[in-house]
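Numbering (the working numbering), first residue to last: 13 to 650. Even for Gly, the Cβ is constructed at its ideal location relative to N, Cα and C. Bear in mind that the values here come from a model prediction, so they are computed numbers and not experimental data. Since the structure comes first, as structure tokens, the remarks are kept for the end.
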Amino acid sequence: LFRSNIKSLCMAALSAIMFQFAQAQDVFNEMSYSPGQTVFSLNAPVKGVVRIYDSGIAGKLLKTVKMRQDGVDKWTATVKGNLKGKFYTFDIGKGETPGVFAKAVGVNGRRGAIIDMSQTNPDHWTTDLRPVIKSPADLVIYEMHWRDYSVDESSGIVNKGKFLSLTEPKAIQHLKDLGINAVHILPSFDYASVDETRLDSAQYNWGYDPVNFNVPDGGYSTDPYSPVKRINEFKRMVQALHKAGIRVILDVVYNHTFDLKNSNFEKTYPGYYYRYNADGTPSNGSGCGNETASEKPLMRSFMLQSVKYWINEYHIDGFRFDLMGVHDIETMNEIRAEVNSIDPTIFIYGEGWSAGSCAYPVEKLAVKANIPQMPGVAAFSDDMRDALRGPFNDDHKGAFLAGISGEEESLKYGIVGGIMHPQVDMQKVNYDKKPWALQPTQQISYVSCHDDMCLVDRLKSSVPNADTDQIIRLDELAQTAVFLSQGVPFMLSGEEMLRDKKGVHNSFSSPDSVNCLNWNNMKKYPQVFQYYKNLIQLRKNHPAFRLGDADLVREKLQFLPVQPCMVGFILKDNAGGDEWKNIIVLLNGNNSPCDIDVPKGDYTVVGCDGVINEKGLGQLAGGKVTVDAQSALIMYNK
């Protein structure tokens, strides 16, 4: 009896191990095409069927094929003959679905498409190369939405709102002139809220409502009915940016689906892919009605395989994880390890928070406080953002940029890249009382992004009665802090044009009139673009601003004693091998000039009063210097 019980327990344990092992494999190749046959596979708890159609929507049902078991919770079906150009769905009795890992779909993503993926490659795709960077500290990230960037008539771009917009010379040249070397594109996968059959009507959405995670959205292609064209055009976009020396970072939204009941996850494996509260209701850490369960083997494997697929098939260079704090630490570390095996320079970062409580222990989640447990993964610094512009929950309350003292320590913490620094008093930092970054490259330095008000709108809201000249001064001051910090700098598309969004706080579904870039601003405010361009070039030319190592930052970056609502620091002793021996940056948020003591020496001024010129704007003797109101003073000596 004892041996019998032991044997039963061992068999049960083996069965459980085999179940997890089966689910953890690369089993997501749900449609494998060849001219002689097409093989369909599915992870599901019960047997299902495959339906073959002649159209991506409506159309004639050509064939129904029963699936056969091919392992624990794995089912396959093989259909002989050449099915290229046809469409398919799976059905286990919960409604038709293209499955969880469709690689091509028809219009609106309701059916999977049977295509030869090699025919989606643009010419010379096999020789497409990832632009080289030595460290994440060398990145300058530009967050963008194609429609915002290209849709206005003033853009002069032909393929407005399409992937192909970023293949056009004017679109590419602007990015090159600005000096950025990475674009973070908002969600590109097939999403729910835009009807691809009605693209001539006024529809807009950022795309944070996932349906098919591994297929480019048809709304950004020139023909949403063509499964091949949307993939080809996305690849052409990546290829054009790579040729220009610009990396492509993809915004990925694995933390939730558009809905739960009708999702491909639920129709494929009911009740598995999501987290639930103790009372059986769906957990809502995403704020969108559901949250996925990354800790479960099948969901974790899905995320791993999806990230690798975007790298290998689409040559993606980085990933921004939406609400990364919904995912578990172990999954993020496994993703980092898998990506390292392909290319360690592929950058991974995300939002170090969730939008609500998750049905999973917070100490196991990839929130900002747990970043030390995730080497090689970065997070956005809301500490730095809100120290500059004011708190997220009050659009009208200002901070450093509004001349309000009290956030100097938080700004200093952002400048060092979120690491421990002996001159940063963590007890005075706004959101964090202990450092959350092990290395400065784990911090995304920023003051605005697609979420929330853009910088100009926030300044107008928090600095009442500010005129245009003052808005420009404060805008430039904010970005000086961002781009000369030791973290990885990040900016919102159009800030270099002094964009606004008519004061809209959350423009995810606002019309083009709110979201579009007005390219006429390039002529109206040329000094803004020039400042951004020169600021970016200053960072790129001088390794002192991007040391990339915590010990080096602690050794070489020293803060100077300053007045309230000011921050000053020196990068000393040829930091990072810089040809400039000592570099001083002084940031004055006050609405009046302020004096500050700096080490004596003969300094060349390279930044003052909204102008940056590395050839020099004048000389200062050191000792006591004056920093003009709401501006930065940058100088060096040799």
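Inset, instruction - Below 8 Å on the Cβ atoms is my guess for residue 587 versus residue 568; work out the distance and round it to an integer in Å. - result: On the sequence shown, residue 587 is found 575 positions in, with the first residue counted as 1. On the sequence shown, residue 568 is found 556 positions in, with the first residue counted as 1. That pair is a contact at about 4 Å.
Legend entry - Nearest-angstrom Cβ-Cβ length linking residue 281 and residue 56, presumed shorter than 8 Å: Locating residue 281 in the sequence shown gives position 269, where the first residue counts as 1. Locating residue 56 in the sequence shown gives position 44, where the first residue counts as 1. Contact annotation, residue 281 with residue 56: C-beta distance approximately 6 Å; criterion of less than 8 Å satisfied.
Legend entry - residue 301 and residue 367 closer than 8 Å at C-beta: By one-based count along the sequence shown, residue 301 stands at place 289. By one-based count along the sequence shown, residue 367 stands at place 355. If you check the CB distance, residue 301 and residue 367 do not come in under 8 Å.
Inset, instruction - With DSSP as the reference, please indicate the residues paired to residue 311 in a beta bridge. - result: Position 299 of the sequence shown holds residue 311. DSSP output for residue 311 lists no bridge partner at all.
Legend entry - Short Cβ contact (8 Å threshold) for residue 481 with residue 468: Mapped onto the sequence shown, residue 481 falls at position 469. Mapped onto the sequence shown, residue 468 falls at position 456. Residue 481 places its beta carbon 8 Å or farther from that of residue 468.
Inset, instruction - Look at the alpha carbon of residue 502 and the alpha carbon of residue 596, and state the distance between them as a whole number of angstroms. - result: For the purposes of this step, residue 502 is taken as residue 490 along the sequence shown, with counting starting at 1. For the purposes of this step, residue 596 is taken as residue 584 along the sequence shown, with counting starting at 1. If you take the alpha carbons of residue 502 and residue 596, they lie about 22 Å apart.
Inset, instruction - Name the residue from 148, 93, 172, 239 whose alpha carbon lies nearest to the alpha carbon of residue 99. - result: Stepping through the sequence shown from its first residue, residue 99 is reached at position 87. Residue 239 is the option with its Cα nearest to residue 99.
Inset, instruction - May I have a chain-ordered list of the beta strand (DSSP E) segments no shorter than 3 residues that lie completely inside the stretch 410–459? - result: Segments of the beta strand (DSSP E) lying fully in the stretch 410–459: 455–457.
Inset, instruction - Count the other C-beta atoms from every protein chain shown that fall within 10 angstroms of the C-beta of residue 433, then say buried if there are 16 or more, exposed otherwise. - result: In the sequence shown, residue 433 corresponds to position 421, counting from 1. Within 10 angstroms of the beta-carbon of residue 433 lie 16 or more other beta-carbons, which makes it buried.
Inset, instruction - Using 10 angstroms around the beta-carbon of residue 336, count the other beta-carbons present and answer buried if the total reaches 16, otherwise exposed. - result: The residue labelled residue 336 in the question sits at position 324 within the sequence shown. Buried, by the Cβ-count rule.
Legend entry - residue 318 - DSSP class collapsed to helix/strand/coil: Along the sequence shown, read from residue 1 onward, the residue named residue 318 stands at position 306. Three-state DSSP puts residue 318 in a helix.
Legend entry - residue 621 to residue 642 span [Cα, whole Å]: The residue labelled residue 621 in the question sits at position 609 within the sequence shown. The residue labelled residue 642 in the question sits at position 630 within the sequence shown. Between residue 621 and residue 642, the C-alpha separation is close to 9 Å.
Legend entry - Environment of residue 129 [buried if 16+ CB atoms lie within 10 Å]: Numbered from 1 along the sequence shown, position 117 holds the residue referred to as residue 129. Its Cβ having fewer than 16 others within 10 Å, residue 129 is exposed.
Inset, instruction - Mind listing, in chain order, the continuous beta strand (DSSP E) runs of no fewer than 3 residues lying wholly within the stretch 103–180? - result: As far as the stretch 103–180 is concerned, its whole beta strand (DSSP E) runs of at least 3 residues are 153–156.
Inset, instruction - Give the single residue among 67, 441, 89 whose Cα lies nearest to the Cα of residue 76. - result: If you number the sequence shown from 1, residue 76 lands on position 64. Ranking 67, 441, 89 by Cα distance to residue 76 puts 89 first.
Legend entry - Assigned secondary structure, residue 625 (DSSP; H/G/I helix, E/B strand, else coil): Walking along the sequence shown from the start, residue 625 turns up at place 613. Coil, per DSSP.
Inset, instruction - Take every Cβ of the stretch 492–501, pair it with every Cβ of the stretch 444–461, and state whether three or more of those distances are shorter than 8 Å. - result: The stretch 492–501 is in contact with the stretch 444–461.
Legend entry - Minimum Cβ-Cβ distance from residue 375 to chain D less than 8 Å: Within the model displayed, chain D is absent; a lone protein chain is all it includes.
Legend entry - Cβ neighbour criterion (16 or more within 10 Å) applied to residue 514: For the purposes of this step, residue 514 is taken as the residue at position 502 of the sequence shown. Per the 10 Å Cβ criterion, exposed.
Inset, instruction - Put residue 383 into one of helix, strand or coil per three-state DSSP. - result: The residue given as residue 383 occupies position 371 in the sequence shown. DSSP places residue 383 within a helical segment (H, G or I) once states are collapsed to three.
Legend entry - Nearest candidate by alpha-carbon position, reference residue 171, set 203, 190, 205, 235: Numbered from its first residue, the sequence shown carries residue 171 at position 159. Residue 171 has its Cα closest to that of 235, out of 203, 190, 205, 235.
Inset, instruction - Helix, strand or coil for residue 54, going by three-state DSSP, please let me know. - result: On the sequence shown, position 42 is the one that residue 54 refers to. Here residue 54 sits in strand by DSSP.
Legend entry - Stretch-stretch touch, CB-based, cutoff 8 Å, three pairs: the stretch 312–332 with the stretch 353–362: Yes: the two stretches touch, three or more of their Cβ pairs being nearer than 8 Å.
Inset, instruction - Hey, could you find the ends of the beta strand (DSSP E) residue 192 is sitting in? - result: In the sequence shown, the residue the question calls residue 192 occupies position 180. In the DSSP annotation of this structure, residue 192 is not part of any beta strand (DSSP E), being labelled neither H nor E.
Legend entry - Within 8 Å, strictly: CB atoms of residue 42 and residue 111: Residue numbering aside, residue 42 sits at position 30 when the sequence shown is read from its first letter. Residue numbering aside, residue 111 sits at position 99 when the sequence shown is read from its first letter. Cβ distance < 8 Å, so residue 42 and residue 111 count as in contact.
Inset, instruction - Please go through the same chain and pick out, in chain order, the residues whose beta-carbon is closer than 7 Å to the beta-carbon of residue 219, but skip the five residues on each side of it. - result: Residue 219 sits at position 207 when you count from the first residue of the sequence shown. If you ignore the 5 residues before and after residue 219, its C-beta comes within less than 7 Å of the C-beta of 198, 199, 203, 229, all in its own chain and listed in chain order.
Legend entry - Cβ shell of residue 326 (< 7 Å), same chain only, five flanking positions each side left out: Indexing the sequence shown from 1 puts residue 326 at position 314. Apart from the 5 residues on each side of it in sequence, residue 326 sits with its Cβ closer than 7 Å to the Cβ of 246, 247, 250 in its chain, given in chain order.
Inset, instruction - Under 7 Å Cβ to Cβ from residue 632, same chain only, skipping five residues before and after it: list those, please. - result: Here the question's residue 632 lines up with position 620 in the sequence shown. If we look at residue 632 and ignore the five residues flanking it on each side, its Cβ neighbours are 615, 617, 647.
Inset, instruction - Using a threshold of 8 Å, state whether the C-beta atoms of residue 382 and residue 341 are closer than that. - result: Locating residue 382 in the sequence shown gives position 370, where the first residue counts as 1. Locating residue 341 in the sequence shown gives position 329, where the first residue counts as 1. Against a cut-off of 8 Å, the Cβ pair of residue 341 and residue 382 comes out as a contact.
Inset, instruction - Output yes or no for whether 8 Å exceeds the beta carbon distance between residue 196 and residue 145. - result: The residue you call residue 196 lines up with position 184 of the sequence shown. The residue you call residue 145 lines up with position 133 of the sequence shown. No, they are not a contact pair.
Inset, instruction - Following the continuous alpha helix (DSSP H) through residue 489, name the residue where it begins and the one where it ends. - result: In the sequence shown, the residue the question calls residue 489 occupies position 477. Here the alpha helix (DSSP H) through residue 489 covers 480–495.
Legend entry - Rounded C-alpha distance that separates residue 635 from residue 605: Counted from its first residue, the sequence shown places residue 635 at position 623. Counted from its first residue, the sequence shown places residue 605 at position 593. Looking at the two C-alpha atoms, the distance is approximately 16 Å.
Inset, instruction - Could you tell me whether the stretch 156–174 touches the stretch 363–378, using the rule of 3 or more Cβ pairs below 8 Å? - result: A contact between stretches requires three or more CB pairs, one per stretch, nearer than 8 Å, and the stretch 156–174 fails this requirement with the stretch 363–378.
Inset, instruction - Less than 8 Å between the CB atoms is what I'm expecting for residue 570 and residue 593, so what's the real figure, rounded? - result: The residue given as residue 570 occupies position 558 in the sequence shown. The residue given as residue 593 occupies position 581 in the sequence shown. Going by Cβ atoms, the distance from residue 570 to residue 593 rounds to 14 Å, so no, they are not a contact pair.
Legend entry - Assigned exposure category for residue 554 - 16 Cβ within 10 Å defines buried: For the purposes of this step, residue 554 is taken as the residue at position 542 of the sequence shown. Residue 554 should be labelled buried.
Inset, instruction - Please report how far the alpha carbon of residue 106 lies from the alpha carbon of residue 215, in whole angstroms. - result: Indexing the sequence shown from 1 puts residue 106 at position 94. Indexing the sequence shown from 1 puts residue 215 at position 203. Residue 106 and residue 215 have their C-alpha atoms spaced approximately 30 Å apart.
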